[in-house]
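A.B. asks: Numbered per our numbering, the sequence shown finishes at 147, counting up by one with no gaps.
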Amino acid sequence: MNKARIVLGGVVAALINFFLDGALHGVLLQPYWLEIAAALHLKGDPEGAQFRYYILYDLLKGLLSTLVYALIRPRLAPGLRTALVAGLIVWALVLPVPILGLLPQGFFGNRFAILWSLYGAAPVLLGAVAGAALYKE
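1. Look at the alpha carbon of R85 and the alpha carbon of T76, and state the distance between them as a whole number of angstroms.
2. With the cut-off set at 7 Å, would you say L30 and P108 are in Cβ contact?
3. So, do the stretch 15-28 and the stretch 59-78 have three or more beta carbon pairs nearer to each other than 8 Å?
4. Is L18 close to chain B, meaning its C-beta is less than 7 Å from at least one C-beta of that chain?
5. Given a cut-off of 7 Å on the beta-carbon distance, is the pair G19 and L128 in contact?
6. Using a Cβ distance threshold of 8 Å, determine whether the stretch 93-106 contacts the stretch 134-143, with at least three qualifying pairs required.
7. Assuming A131 and W101 form a contact by the criterion Cβ under 8 Å, report the distance between their Cβ atoms to the nearest whole angstrom.
What follows is the structure, given as C-alpha cells:
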C-alpha cells in the first residue's frame, strides 16, 4: 500500500466531506438541529462551537475511505465501483449504524435519522471517489 497516497487521497476526501457536511447540516438539516437544540436547552453556537472536532471527524472519514479502498482494491479491481464500495462501507459505519444506536435515547425522531443517513451518503461517497482517484500503488 502507498501510505503517502492514502494520506493525500484521505485529505482530499476529508475536504469534500467537510464542506458538503457543512452544507448538509447547515442548510438541509438545520431546522431539525435547531429543534433538537431547543428541546435539549442547548446554549451557545451549535454551528461553530465544535469546528475542530468536525475537521478531525471528516479527516478520519476521508482517511478511512481511502484506506478501505486501498485494502479492497486488489480483490475488487481499481476503479469507480470499488471506490463506491469503500464509501458505502465507511458511510454505514459512521452514519446509519451509530444513528440507529442513538434512536432509543429520544434525542431525535426516525424521520431525522433517515434524512441524516441518506443525505450523509453523498459527502462520504463523493469523498471516497475523489480519494480513490488519487490513490496509486
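Positions of the beta carbon are idealized from the N, C-alpha and C atoms, including for glycine.
C.D. replies: Based on what the coordinates show:
1. Taking the straight line joining both Cα atoms gives about 15 Å.
2. No.
3. yes
4. Absence of chain B from the displayed structure is noted, only one protein chain being present.
5. no
6. Yes, the stretch 93-106 is in contact with the stretch 134-143.
7. 5 Å
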